[in-house]
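J.: For reference, the structure I am asking about is given below.
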Amino acid sequence: MAAHFKVKVDAKRCKSCELCVAVCPKNIIVISEKKNEQGFRLAVCQDEDACTGCLACAQVCPDVAIEIVRKEQA
């Protein structure tokens, strides 16, 4: 059985740099229309069932805005 993960984005830290979008091997991270308090559009995972938990998005984020957790822990 495949593990499933939740991509948590800290809205206060995300600055729409799109680095997470560029590195996701499954192409499931997108920049949404939803904006944070600073006016930046937020990164979101559009298909958490496809997330492999590789951590590429979290590791590339310069603002430490992304955390990957197992869905059982979410």
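In this text, residue positions in the sequence shown follow our numbering: the first is 1, and each later residue adds one. Glycine included, each C-beta is placed from N, C-alpha and C at the ideal position.
With DSSP as the reference, label Cys-57 as helix, strand or coil.
T.: helix
J.: Buried or exposed: where does Ile-65 fall if 16 or more other Cβ atoms within 10 Å of its Cβ makes it buried?
T.: Note that residue 65 corresponds to Ala in the displayed sequence, not to Ile. The Cβ neighbour count for Ala-65, taken over all protein chains shown within 10 Å, is at least 16; the residue is labelled buried.
J.: Is Glu-37 helix, strand or coil when you go by DSSP?
T.: If DSSP states are grouped into helix, strand and coil, Glu-37 belongs with coil.
J.: Apart from the five residues just before and just after Leu-55, which ones in its own chain have a Cβ nearer than 7 angstroms to its Cβ?
T.: Ile-68
J.: Just to confirm, are Cys-61 and Val-7 a CB contact at a threshold of 8 angstroms?
T.: no
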